[in-house]
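Engineer: Have a look at this one before I ask anything.
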Amino acid sequence: METGKMSKLQLFSVMVMFELGGVIALGIGGNAKQDTWLAILLGLVPGLCILFVYGKLYTLYPKDTLTTFIPKIVGPYLGKPLVFIYSVHFMYQAVRNFRGIGNVMSIAVYDETPLIALLALMGIALMYIVYQGIEAMSRTIVTFLIVMAILGVIGNLFVVFSGIIDVKNLLPILENGWKTVINTIPLTYFLPYAELVVVLMFFPNVQAASTRPVVRIAALAAVFSGFVLSYTMALNTAVLGPDLLSRSTIPLLATTSKINIGDFIQKTDGISLSTLVISYFFKAVVYFYAAVAAVSDLWNLKGIRQIVVPIGMIVFFSSIMIAENAVENYIEGYVINPYVAFPFQTAIPIVLLIVAWMRKKRAAA
Amino acid sequence: MRNRLVYMLILMVAALPMTGCWNSREPKQLAIVMALGIDKAPGNKYKVSFQIANSGQVAPGIVAGGSTYGAPVMVYSGTGSSIYEAIRKTSRSVPRQLFFAHIRLVVIGESLAKSGMQEIFDFFDRSRETRLTAMVLIARGGDAEQAVRTLTPLEKLPANAVMGKMMHSSRLWSENFTVYIDDVINMMVSEENVLLISGVKLAGDKGMSAKKENVEQTNPAAILNISGMAVMQEGKLKKWLDGRLARGVIWARNKMESSVMTIDAMGKPKSVSIEVSRGKTKVKTQFANGQLRFHFHIDAEGFITELQVPFDMTKPGGIDSMEKEWAETIRDEAEAAIKQAQSEKCDMLGLGQMLRREHPKQWNKRKDDWNNVFADSEITVTVHTEIRHQGLRNKSYLSNISK
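Residue numbers (the UniProt record's numbering), protein chains in the order written: chain S, 1 to 365; chain D, 1 to 403.
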């Protein structure tokens with residue numbers, strides 16, 4: 001088990017970076033058209049509920065990560081296989097997100113560079129960060145979150161001063177009634193809120209006197225990133241209109257490409273691309289760390305260093321083989337993936353919590 | 001010692017992939033496309049013309065890699081079944097790679113506009129190189145290639161010249177408004193699918209337009225003018241709007257920025273010029289017994305710029321009567337445009353989208369038959385005008401000419 005420590009602020013940053021990862025630029029909840037921002041906000045409700053479940057599990061086992069408390073709850077015979085499939089799940093998510101970065105980069109900038117070249121450079125960085133351990137990782141994420149915040153402020157000012165915001169694009173609110181929005185909530189819940197199951201791999205590393213403030217910080221991070229995502233989507237809608245928004249591969253890129261201040265500040269695609277690549281990369285990093293930590297727990301290793309490179313290689317090669325093209329990765333990663341991930345993110349944690357409660361009751365009785 | 005060697009080796013190897021972009025392109029290998037003209041070619045093909053900036057001519061001595069002789073722009077054209085095929089085919093005759101990030105203008109030939117042009121924008125929408133902020137114009141009464149080939153005085157780059165004309169005519173004259181690629185797409189996907197795109201017309205000796213001598217005289221033989229607005233329904237050119245009708249549509253769509261209007265005074269027609277400094281139009285929707293009613297309220301502000309009659313502005317009620325006259329003129333213009341739109345069953349006023357935004361339920365009931373609903377709806381116009389000042393003279397010198 002990784003023994004490095006992180007502060008509460010670092011937990012907050014890691015979670016926000018993870019939640020924004022990729023989603024901030026790619027966009028979610030496309031069916032809701034101009035009400036997407038609303039769907040994202042409402043997705044926060046089930047999102048916080050499941051975060052509550054994670055928090056309860058953590059409170060029951062404050063010194064354990066997901067992969068060390070599973071055997072304690074369900075016993076070693078059921079626990080070890082479960083830990084194994086969880087490590088596969090985290091690896092799979094790392095692969096999807098890692099491939100996503102490559103796709104986005106080749107769509108938006110490097111259209112003639114082979115994917116393997118893009119991913120190889122990213123892969124070295126990915127493995128290096130995780131190899132340095134959780135402390136270095138969270139420090140790096142804090143730094144890059146500051147970079148992203150600065151980019152965000154600059155980008156927003158540019159958009160405002162370009163005068164390209166047309167609030168009318170957000171109207172009418174609830175054009176097709178509540179039904180479309182409510183149908184979209186599961187999507188916005190799966191992505192990104194339910195993905196927070198990964199924080200169960202971080203909670204015990206957070207330095208705190210009790211579990212309560214840690215859970216509170218986690219909830220705060222979820223709410224904060226929810227608002228940022230919702231705001232970004234509303235901004236995209238106001239600039240692009242619901243049609244272009246729903247058709248864009250990378251809506252944020254389309255938004256920044258419309259920036260033009262006095263024919264002088266224009267072509268500021270760098271802002272959205274940096275945001276996208278940074279956040280997407282660190283999402284893959286977090287998933288990769290979770291996979292590595294899970295495998296190290298599975299084999300009862302002392303640390304994570306010795307398996308970073310082997311698992312990194314698995315992630316790297318799988319990410320090249322996992323999809324034939326960008327569309328396939330998008331469909332499998334965004335459309336089908338939520339259903340594949342549902343048991344890991346929602347069903348199993350709830351069952352675990354119920355079993356843990358029953359055990360505790362029996363022990364007390 | 002050994003460690004150091006290993007580190008050195010790693011650093012050297014690490015430097016290898018850092019040599020730059022995989023598909024890097026140097027500015028001198030690029031042909032920067034400023035404007036694109038798209039025409040219909042026989043056999044369901046497109047003819048695409050590229051106006052390429054000759055950087056050496058545009059900024060001699062500053063930009064390396066351009067030739068300092070020749071015209072400021074070069075135009076190449078090619079045909080293909082798709083826009084992109086035409087582009088790549090043309091590479092055979094262009095010594096450099098075409099680069100599209102700086103396109104400012106897309107001109108569409110009138111014949112293509114007439115036969116339908118809904119398909120041509122996907123390339124601009126999809127490609128990562130093109131921007132959505134290119135202006136769209138229709139070559140009125142001609143083909144786009146000729147418009148793109150025309151050299152213009154004052155501005156070396158014709159694309160910039162046309163853009164400047166367009167910007168100024170929409171800001172100072174307001175019979176047009178500027179439309180960009182994303183606006184076109186957004187208008188096309190809306191249910192009523194009515195497009196308003198300004199026209200650019202080549203006037204004068206068309207044979208001279210592409211020659212350098214054209215810009216070497218005070219009175220260019222051929223000149224590109226912004227002319228009217230094309231009304232397109234379902235992607236096909238339906239008619240051209242000009243003059244009063246065009247400005248009426250501008251009033252109704254709340255796109256008025258500034259213009260000059262002449263009104264009658266002292267029995268002399270069109271003798272007072274008013275510069276419109278501000279115009280705002282609000283539309284109210286009412287439903288009465290299933291009948292749709294729109295009410296336009298136009299607020300206009302302006303000042304007197306020219307008097308051709310001995311009119312005393314300081315006379316009590318003088319300004320008021322003029323304001324009233326002016327309001328009437330605006331109302332006539334707006335009503336004429338509205339009537340025209342209704343008789344053509346073509347919602348060029350953007351009322352459908354307004355209804356969708358403000359009354360989505362009512363809109364859903366009516367959207368399938370919107371063109372008829374629009375034509376049958378009752379539209380009223382009221383105008384309120386304010387003349388802010390009379391300029392530096394109260395009376396014209398005409399008042400003191402004794403004979």
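Think of the CB as a built atom: it goes at the ideal place given N, C-alpha and C, for glycine as much as any other residue.
(1) If you compare alpha carbons, which of Leu191/S, Lys63/S, Phe317/S is closest to Ile336/S?
(2) Mapping DSSP to helix, strand and coil, what is Ser198/D?
(3) Assuming contact is defined by CB atoms lying nearer than 7 Å, are Thr65/S and Pro204/S in contact in what I supplied?
(4) Which residues does DSSP pair with Glu275/D in a beta bridge?
(5) Beta-carbon of Pro360/D versus every beta-carbon of chain S: anything under 7 Å?
(6) For a contact meaning CB atoms closer than 8 Å, what does Ala39/S contact in chain D?
(7) Provide the residue span of the beta strand (DSSP E) that contains Gly152/S, from first to last.
(8) Could you check whether the Cβ of Glu175/S sits closer than 7 Å to any Cβ belonging to chain D?
(9) Per DSSP, what kind of secondary structure is Leu312/D in: helix, strand or coil?
(10) Which word fits Lys40/D, buried or exposed, when buried means at least 16 other C-beta atoms lie within 10 angstroms of its C-beta?
(11) Decide if Cys346/D is buried, meaning its Cβ has at least 16 other Cβ atoms within 10 Å, or exposed.
(12) Tell me, please, which residues DSSP counts as bridged to Leu237/D.
(13) Suppose the cutoff is 7 Å on Cβ atoms and the five residues either side in sequence are ignored; what does the same chain contact list for Glu301/D look like?
(14) Would a check of beta-carbon distances place Asn186/D closer than 7 Å to chain S?
(15) How about Val249/D and Met135/D: are their beta carbons less than 7 Å apart?
(16) How about Val13/D: is its C-beta nearer than 7 Å to some C-beta of chain S?
(17) Between Leu132/D and Tyr84/D, how many whole angstroms is the CB-CB distance? I'm expecting something under 8 Å.
(18) Could you check whether the Cβ of Thr133/D sits closer than 7 Å to any Cβ belonging to chain A?
(19) So, are the CB atoms of Val189/D and Asp166/S less than 7 Å apart?
(20) Given this structure, state the Cα-to-Cα distance separating Ile331/S from Glu324/S, to the nearest angstrom.
(21) Within the 7 Å Cβ cut-off, does Arg357/D reach chain S?
(22) So which residues of chain D does Gly241/S contact, with C-beta pairs closer than 8 Å?
(23) In chain S, which residues lie less than 7 Å from Arg96/D when you measure between Cβ atoms?
(24) Should Asp297/S be labelled buried (16 or more other beta-carbon atoms within 10 Å of its own) or exposed?
(25) Determine the direct distance from the alpha carbon of Lys45/D to that of Lys280/D, and round the result to whole angstroms.
(26) For Arg104/D, is the classification buried or exposed, using 16 other Cβ atoms within 10 angstroms of its Cβ as the cut-off for buried?
(27) Compute the beta-carbon to beta-carbon distance between Lys264/D and Lys255/D, rounded to the nearest angstrom, for a pair I have assumed lies under 8 Å.
(28) For Asn103/S, does the three-state DSSP call read helix, strand or coil?
(29) Using DSSP's beta-bridge definition, name the partner residues of Ile351/D.
(30) Three or more C-beta pairs under 8 Å: does that hold for the stretch 33 to 50 of chain S against the stretch 105 to 123 of chain S?
(31) In angstroms, rounded to a whole number, what distance separates the CA positions of Gly155/S and Ile107/S?
(32) Taking the runs of the beta strand (DSSP E) that are 3 residues or longer, which of them lie wholly in the stretch 171 to 227 of chain D?
(33) Out of Val231/D, Leu355/D, Ser321/D, which one is the CA nearest neighbour of Glu344/D?
(34) May I ask you to list, following chain order, the residues of the stretch 93 to 121 of chain S that have a beta carbon less than 9 Å from some beta carbon of chain D?
(35) How would you call Gln207/S, buried or exposed, if buried means at least 16 neighbouring beta carbons within 10 angstroms?
(36) For the stretch 243 to 305 of chain S, list the alpha helix (DSSP H) runs that are entirely contained and at least 4 residues long, ordered along the chain.
Structural biologist: So, to answer that:
(1) Position 336 of the first sequence, counted from the start, is the residue given in the question as residue 336/S. Ranking Leu191/S, Lys63/S, Phe317/S by CA distance to the CA of Ile336/S puts Leu191/S first.
(2) In the second sequence, residue 198/D corresponds to position 198, counting from 1. Note: Ser198/D maps to strand in three-state DSSP.
(3) Counted from its first residue, the first sequence places residue 65/S at position 65. Counted from its first residue, the first sequence places residue 204/S at position 204. Taking a C-beta distance under 7 Å as the contact criterion, Thr65/S and Pro204/S qualify as a contact pair.
(4) Position 275 of the second sequence holds residue 275/D. Per the DSSP secondary-structure output, Glu275/D pairs in a beta bridge with Val260/D, Phe303/D.
(5) For the purposes of this step, residue 360/D is taken as residue 360 along the second sequence, with counting starting at 1. Chain S, which has a Cβ nearer than 7 Å to the Cβ of Pro360/D, makes this yes.
(6) The count along the first sequence starts at 1 and reaches residue 39/S at position 39. Identification of chain D residues near Ala39/S by a Cβ-Cβ cut-off of 8 Å yields none; the smallest Cβ-Cβ distance measures about 17 Å.
(7) The residue labelled residue 152/S in the question sits at position 152 within the first sequence. Per DSSP, Gly152/S lies in no beta strand (DSSP E); the unbroken alpha helix (DSSP H) holding it starts and ends at 133 to 162.
(8) One-based indexing of the first sequence puts residue 175/S at position 175. So yes, Glu175/S belongs to the interface.
(9) Reading the second sequence from its first residue, position 312 is the one you call residue 312/D. First, the residue type needs correcting, since residue 312/D is Asp and not Leu in the sequence shown. Annotated three-state conformation of Asp312/D is strand, per DSSP.
(10) Here residue 40/D is taken as the residue at index 40 of the second sequence, counted from 1. By the neighbour-count rule (16 or more Cβ atoms within 10 Å), Lys40/D is buried.
(11) Within the second sequence, residue 346/D is the residue found at index 346, counting from 1. Within 10 angstroms of the beta-carbon of Cys346/D lie 16 or more other beta-carbons, which makes it buried.
(12) Position 237 of the second sequence, counted from the start, is the residue given in the question as residue 237/D. Answer by DSSP bridge pairing, in chain order: Met232/D.
(13) Against the second sequence, residue 301/D aligns to sequence position 301. If you ignore the 5 residues before and after Glu301/D, its C-beta comes within less than 7 Å of the C-beta of Ser277, Arg278, Glu386, Arg388, all in its own chain and listed in chain order.
(14) Walking along the second sequence from the start, residue 186/D turns up at place 186. Yes, contact with chain S.
(15) Translated into the one-based positions of the second sequence, residue 249/D becomes position 249. Translated into the one-based positions of the second sequence, residue 135/D becomes position 135. Between Val249/D and Met135/D, the C-beta spacing is not below 7 Å.
(16) What you label residue 13/D is simply residue 13 of the second sequence in a count that begins at 1. No, Val13/D does not count as interfacial toward chain S.
(17) The residue labelled residue 132/D in the question sits at position 132 within the second sequence. The residue labelled residue 84/D in the question sits at position 84 within the second sequence. At roughly 17 Å, the Cβ-Cβ gap does not stay under 8 Å, so Leu132/D and Tyr84/D are not in contact.
(18) Note that chain A does not occur in the displayed structure, where the protein chains are S and D.
(19) The sequence position of residue 189/D within the second sequence is 189, counting from 1. The sequence position of residue 166/S within the first sequence is 166, counting from 1. No; because the gap between Cβ atoms is not below 7 Å, this pair is not in contact.
(20) The residue labelled residue 331/S in the question sits at position 331 within the first sequence. The residue labelled residue 324/S in the question sits at position 324 within the first sequence. Approximately 11 Å, taken between the alpha carbons.
(21) As a first step, residue 357/D is located in the second sequence; it is residue number 357 there, counting from the start. At least one chain S Cβ lies under 7 Å of Arg357/D.
(22) Indexing the first sequence from 1 puts residue 241/S at position 241. Within chain D, the residues placing a beta-carbon under 8 Å from that of Gly241/S are Asp182, Asn186, ordered along the chain.
(23) Walking along the second sequence from the start, residue 96/D turns up at place 96. Near Arg96/D there are no residues of chain S at all, since even the closest Cβ is about 17 Å away, more than 7 Å.
(24) Sequence index remark: in the first sequence, residue 297/S carries index 297 (1-based). With 16 or more neighbouring CB atoms inside 10 Å of its own CB, Asp297/S falls in the buried class.
(25) The sequence position of residue 280/D within the second sequence is 280, counting from 1. The sequence position of residue 45/D within the second sequence is 45, counting from 1. The C-alpha of Lys45/D is placed about 43 Å away from the C-alpha of Lys280/D.
(26) Within the second sequence, residue 104/D is the residue found at index 104, counting from 1. Arg104/D counts as buried, since no fewer than 16 other beta carbons sit within 10 angstroms of its beta carbon.
(27) Taking the second sequence and counting its residues from 1, one reaches residue 264/D at position 264. Taking the second sequence and counting its residues from 1, one reaches residue 255/D at position 255. Per the sequence shown, residue 264/D should be read as Asp rather than Lys. Going by Cβ atoms, the distance from Asp264/D to Lys255/D rounds to 26 Å, so no, they are not a contact pair.
(28) Along the first sequence, one-based indexing puts residue 103/S at 103. In the three-state scheme derived from DSSP, where H, G and I count as helix and E and B as strand, Asn103/S is classed as helix.
(29) Residue numbering aside, residue 351/D sits at position 351 when the second sequence is read from its first letter. In the sequence on display, residue 351/D carries Leu and not Ile. Bridge pairing for Leu351/D: absent [DSSP].
(30) Under the three-pair Cβ rule at 8 Å, the stretch 33 to 50 of chain S does not count as touching the stretch 105 to 123 of chain S.
(31) Indexing the first sequence from 1 puts residue 155/S at position 155. Indexing the first sequence from 1 puts residue 107/S at position 107. Cα to Cα, Gly155/S sits roughly 21 Å from Ile107/S.
(32) Complete beta strand (DSSP E) runs here, min 3: 194 to 204.
(33) Residue numbering aside, residue 344/D sits at position 344 when the second sequence is read from its first letter. The option with the nearest alpha carbon to Glu344/D is Val231/D.
(34) For the stretch 93 to 121 of chain S, which is checked against every Cβ of chain D, the residues closer than 9 Å are Ile107, Ala108, Val109, Tyr110, Asp111, Glu112, Thr113, Pro114, Ala117, Leu118, Ala120, Leu121.
(35) Locating residue 207/S in the first sequence gives position 207, counting from the first residue. So Gln207/S counts as exposed.
(36) For the stretch 243 to 305 of chain S, whole alpha helix (DSSP H) runs of length 4 or above, ordered along the chain, are 251 to 257, 269 to 298.
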